[in-house]
Amino acid sequence: MNLACTLCSSKTPSLSFFHSLLTSYTGSQNSKLALDIFRQLLETNVNPVDLTFSLLLKACASSLSSYAYASFSAGIEGSQVHSQLVKRGINQFVYVNTALLDFYMKLGCTTDARKLFENMPCRDVVSWNALICGYSQNGYHFDALDLFVQMLRDGFRPNQTTIVSLVPSCGLRELILQGSSIHGLGIKAGLGWDPQVKNAITSMYAKCDDLKASELLFEEMSEKNIVSWNTMIGAYGQNGFSDKAMFFFKKMLEESLQPSPVTMISLLSANAVPEIVHCYIIKCGFNSYVSVITSLICLYAKKGCTDMAELLYKTSPVKNLISLTAIMSSYSEKGDIKLVIEYFMQIQQLDMKPDAVAMISVLCGIIDPAHFVIGRAFHGYGLQSGLIVDCLVVNGLISMYSRFDEIEDALSLFLEMNEKPLITWNSLISGFVQAGKPSHAMELFRRMKMYGQKPDGITIASLLSGCCQLGYLRIGEVLHNYVVRNNVKVEDFTGTALIDMYTKCGRLEYAERVFKSINDPCLATWNSIISGYSLHGIEHQAFICYSELLEHGLKPDRITFLGVLSACTHGGLVLEGTEHFLIMTKEYDLMPDLQHCASMVGLLGRAGLFKEALEFINNMEIEPDSAVWGALLSACCIHQQVKLGECLAKKLFFLNNKNGGFYVLMSNLYAIVGRWDDVARVRYMMIESGGDGCSGVSVIQVASVEDINNNVLLDE
DNA sequence: CTAGGGTTAG
Numbered sequence: 039m040n041l042a043c044t045l046c047s048s049k050t051p052s053l054s055f056f057h058s059l060l061t062s063y064t065g066s067q068n069s070k071l072a073l074d075i076f077r078q079l080l081e082t083n084v085n086p087v088d089l090t091f092s093l094l095l096k097a098c099a100s101s102l103s104s105y106a107y108a109s110f111s112a113g114i115e116g117s118q119v120h121s122q123l124v125k126r127g128i129n130q131f132v133y134v135n136t137a138l139l140d141f142y143m144k145l146g147c148t149t150d151a152r153k154l155f156e157n158m159p160c161r162d163v164v165s166w167n168a169l170i171c172g173y174s175q176n177g178y179h180f181d182a183l184d185l186f187v188q189m190l191r192d193g194f195r196p197n198q199t200t201i202v203s204l205v206p207s208c209g210l211r212e213l214i215l216q217g218s219s220i221h222g223l224g225i226k227a228g229l230g231w232d233p234q235v236k237n238a239i240t241s242m243y244a245k246c247d248d249l250k251a252s253e254l255l256f257e258e259m260s261e262k263n264i265v266s267w268n269t270m271i272g273a274y275g276q277n278g279f280s281d282k283a284m285f286f287f288k289k290m291l292e293e294s295l296q297p298s299p300v301t302m303i304s305l306l307s308a309n310a311v312p313e314i315v316h317c318y319i320i321k322c323g324f325n326s327y328v329s330v331i332t333s334l335i336c337l338y339a340k341k342g343c344t345d346m347a348e349l350l351y352k353t354s355p356v357k358n359l360i361s362l363t364a365i366m367s368s369y370s371e372k373g374d375i376k377l378v379i380e381y382f383m384q385i386q387q388l389d390m391k392p393d394a395v396a397m398i399s400v401l402c403g404i405i406d407p408a409h410f411v412i413g414r415a416f417h418g419y420g421l422q423s424g425l426i427v428d429c430l431v432v433n434g435l436i437s438m439y440s441r442f443d444e445i446e447d448a449l450s451l452f453l454e455m456n457e458k459p460l461i462t463w464n465s466l467i468s469g470f471v472q473a474g475k476p477s478h479a480m481e482l483f484r485r486m487k488m489y490g491q492k493p494d495g496i497t498i499a500s501l502l503s504g505c506c507q508l509g510y511l512r513i514g515e516v517l518h519n520y521v522v523r524n525n526v527k528v529e530d531f532t533g534t535a536l537i538d539m540y541t542k543c544g545r546l547e548y549a550e551r552v553f554k555s556i557n558d559p560c561l562a563t564w565n566s567i568i569s570g571y572s573l574h575g576i577e578h579q580a581f582i583c584y585s586e587l588l589e590h591g592l593k594p595d596r597i598t599f600l601g602v603l604s605a606c607t608h609g610g611l612v613l614e615g616t617e618h619f620l621i622m623t624k625e626y627d628l629m630p631d632l633q634h635c636a637s638m639v640g641l642l643g644r645a646g647l648f649k650e651a652l653e654f655i656n657n658m659e660i661e662p663d664s665a666v667w668g669a670l671l672s673a674c675c676i677h678q679q680v681k682l683g684e685c686l687a688k689k690l691f692f693l694n695n696k697n698g699g700f701y702v703l704m705s706n707l708y709a710i711v712g713r714w715d716d717v718a719r720v721r722y723m724m725i726e727s728g729g730d731g732c733s734g735v736s737v738i739q740v741a742s743v744e745d746i747n748n749n750v751l752l753d754e
């Protein structure tokens with residue numbers, strides 16, 4: 039700019055002078071600079087020609103490294119140049135129009151770009167490419183594909199740029215059929231050898247979960263460049279094979295290829311060991327790359343090494359929203375809301391505008407009911423900042439409200455939404471289930487289908503867990519049918535939920551069948567079958583599954599031990615139970631929670647080891663709750679321990695628990711020893727307290743689908 | 001051509 043000014047003042051510069059100036063701004067950071075030059079040109083009464091506009095637009099477009107820069111003023115810049123073009127009659131040049139189209143697209147103004155395209159007097163492959171690429175880059179993947187078909191119909195032959203711009207859209211939307219068709223078309227057009235085309239297609243297959251195809255393409259590449267390797271490392275990472283990603287990285291080093299910053303980012307996103315990648319980053323000298331350090335911070339944060347993430351953030355000059363969000367969500371996961379808020383304030387202090395993702399990171403950290411007020415405050419922040427228009431934020435709020443059983447608020451947020459994406463339906467359905475209102479969830483499911491929204495595995499898993507609560511075996515079976523008919527992925531969540539539903543509704547054999555149909559069960563699936571066997575009193579099967587799980591190299595968690603311990607309790611296996619409790623705490627370093635303790639107390643009590651049971655309770659690190667005391671009371675019934683029983687019942691009475699189960703236990707205890715007066719007294723007390731004493735009724739299969747569809751409405 | 005933050009679930 040300054041240079042231009044100095045030169046301008048000395049003598050009238052020529053057009054070619056401006057041209058070379060504009061060329062020098064190609065790749066600069068600021069599109070304003072090129073536009074300023076252009077304004078000066080107009081002021082000096084030099085007449086711009088087609089080449090001038092082409093150079094200007096190229097400089098402007100190249101300064102916008104990423105798409106959808108869209109701000110208010112951005113569109114104006116585009117249309118100002120546009121009007122100059124029309125005024126000077128330069129708008130009949132295809133290449134100038136294409137440059138303008140590209141600029142519009144990079145500004146995120148797809149509508150303007152489309153209008154320009156429709157009005158262009160003639161078009162060529164390059165203008166079609168710019169249009170398709172623009173739609174694809176701005177996230178309009180289906181439109182990009184539609185345009186591609188239109189381009190072919192109009193008789194244009196795609197070139198390598200066409201393929202390379204279009205194929206990522208197929209990958210991002212997992213359109214493998216369209217992707218492979220384009221692959222075929224590319225080969226037919228003689229573009230199959232092109233390394234860029236090949237890399238793009240390799241990545242597309244990986245995103246569509248077809249790793250075999252990616253590997254095939256990669257192997258047949260005669261010349262593998264750094265991008266090819268990065269693509270493969272990313273491909274393994276995206277599909278959960280972090281070991282293979284690391285292996286390919288090492289193989290790449292062996293072939294003495296220099297890694298690039300993207301290699302590091304791909305490795306990091308492959309969930310590699312952060313420390314190892316960190317070493318490579320330093321070794322390769324990438325520690326000044328913003329995106330590399332940001333990814334590293336994210337990985338440390340994701341792995342729970344929040345201290346390291348923080349340290350890196352504090353010592354690096356990079357202060358960006360992504361790093362801060364990663365650290366925030368790490369604290370959210372730990373439930374440390376104080377630090378979450380601290381970082382949120384830091385975002386504002388740094389004059390950065392928190393976005394939807396930052397907002398969600400805060401919301402999912404609000405777990406403690408004591409922090410619910412903060413949650414409501416953030417709802418207010420969402421309204422005030424305008425972030426509430428983002429359905430991600432609404433969704434985060436819906437799950438937060440359902441977490442605290444504030445279903446009314448969740449529902450009203452839901453009803454206000456114009457477009458309801460699948461995830462929001464899922465959030466509310468699971469909200470209803472968690473709030474103990476599974477019939478509402480079922481009703482919502484019905485409405486969802488009426489709305490034309492297709493459920494996925496998560497929807498089904500949530501509904502199935504609702505079936506467990508009500509013993510709705512029939513509905514569970516209907517859902518299972520749905521899963522089979524619609525090819526819902528049975529692995530992981532849905533399979534686990536099915537097993538859980540069947541075992542809890544008394545159909546162990548179906549649960550076993552589902553379990554056997556799962557190829558590579560995950561830990562949760564193993565847990566559900568173990569708990570199922572325990573629930574049905576088949577301890578030896580539970581133990582077999584437990585050892586098989588270990589053989590598969592899986593690490594048992596708290597839920598696993600809940601199942602194993604309850605198997606021991608049911609089988610009266612005191613020695614095994616005590617041993618597993620020790621393994622859990624010592625070998626796997628898992629803190630026993632109230633449920634584990636209740637199970638242990640039950641185990642000792644049922645075996646008549648009351649002294650040991652009491653000793654266990656006294657040694658507990660957490661305050662025993664009604665479940666723990668109740669387990670002991672139940673043992674008293676078996677061993678006719680009236681005195682201890684009475685003590686425990688008093689304790690339970692003062693714990694003021696809503697569960698009146700202890701009245702029933704106490705009444706049974708008196709009945710066993712023949713104290714019928716006391717039985718009557720306890721029964722009377724129970725009725726007084728509001729209990730109806732009708733526990734012990736089987737609820738399984740009481741409802742039919744018709745019942746659900748006809749009788750249960752959302753507004754009760 | 002390749003890449004980075006978040007939500008729903010057993």
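Heads up: the first sequence begins at 39 in the numbering used here, then just goes up one per residue.
Every residue gets a Cβ at the ideal spot worked out from N, C-alpha and C, and that includes glycine.
The Cβ-Cβ distance between Gly-469 and Ala-448 falls below 8 Å. The segment 258 to 267 and the segment 212 to 225 do not touch, with fewer than 3 CB-CB distances between them shorter than 8 Å. The three-state secondary structure of Glu-293, taken from DSSP, is coil.
Going by C-alpha positions, Ser-207 is about 5 Å away from His-179. About 5 Å separates the beta carbon of Met-270 from that of Phe-256, a gap short enough to meet the 8 Å contact definition.
Look at the segment 314 to 369 and you find these whole runs of alpha helix (DSSP H), each 4 residues long or longer: 328 to 340 and 344 to 353. The shortest CA-to-CA distance from Gln-386 to any of Asp-406, Tyr-419 and Pro-407 is the one to Tyr-419. The segment 536 to 551 and the segment 582 to 593 do not touch, with fewer than 3 CB-CB distances between them shorter than 8 Å. The criterion of a C-beta distance shorter than 8 Å is not satisfied by Leu-421 and Ala-394. With a contact defined as Cβ atoms closer than 8 Å, Glu-577 and Gly-615 miss out at about 10 Å. Cβ contact annotation for Ala-473 (same chain, cutoff 7 Å, sequence separation greater than five): Ser-440, Asp-443 and Ile-445, in chain order. By the neighbour-count definition (other C-beta atoms within 10 Å, threshold 16), Arg-545 is a buried residue.
In the displayed model, Phe-442 falls within coil according to three-state DSSP, outside both helix and strand. In the three-state reduction of the DSSP assignment, Arg-523 falls in the helix class, which pools H, G and I. A residue is called buried once 16 or more other Cβ atoms fall within 10 Å of its Cβ, and Leu-80, having fewer, is exposed.
The C-alpha of Leu-305 lies about 7 Å from the C-alpha of Val-315. For Gly-172 and Gly-601, the gap between their C-alpha atoms comes out near 54 Å. Look at Val-87 here: in three-state DSSP terms it is coil, with no helix or strand label. Taking one beta carbon from each stretch, the segment 369 to 381 and the segment 351 to 359 have fewer than 3 pairs nearer than 8 Å; the two do not touch.
Sixteen is the threshold: when 16 or more other Cβ atoms of the shown chains lie within 10 Å of the Cβ of Asp-140, as they do, the residue is buried. The residue among Glu-481, Lys-236, Trp-267 and Pro-299 with its C-alpha nearest the C-alpha of Glu-293 is Trp-267.
One Cα belongs to Cys-160, the other to Lys-153, and the distance between them is close to 14 Å. In its chain, beyond the 5 residues on either side, Leu-71, Ala-72 and Ala-97 have a beta carbon closer than 6 Å to the beta carbon of Tyr-63.
In the three-state reduction of the DSSP assignment, Arg-161 falls in the coil class, being assigned neither a helical nor a strand state. For Tyr-510, the closest C-alpha among the options Met-539, Gly-490, Arg-523 and Lys-487 is that of Met-539.
By the C-beta density criterion, Pro-594 is buried, having at least 16 other C-beta atoms within 10 angstroms. A residue is called buried once 16 or more other Cβ atoms fall within 10 Å of its Cβ, and Tyr-489, having fewer, is exposed. Taking Val-711 as the centre and dropping the five residues before and after it, the same chain places the C-beta of Gln-678 and Val-680 closer than 7 Å to its C-beta, in chain order. Annotation: Gln-633 to Cys-606 spans about 14 Å, alpha carbon to alpha carbon.
Unbroken alpha helix (DSSP H) stretches of 4 residues or longer found wholly inside the segment 131 to 186: 132 to 144, 148 to 157 and 163 to 175, given in chain order.
By the neighbour-count definition (other C-beta atoms within 10 Å, threshold 16), Lys-144 is a buried residue.
In the three-state reduction of the DSSP assignment, Asn-268 falls in the helix class, which pools H, G and I.
In this structure, Trp-667 sits away from Lys-688, with a CB-CB distance that is not shorter than 8 Å.
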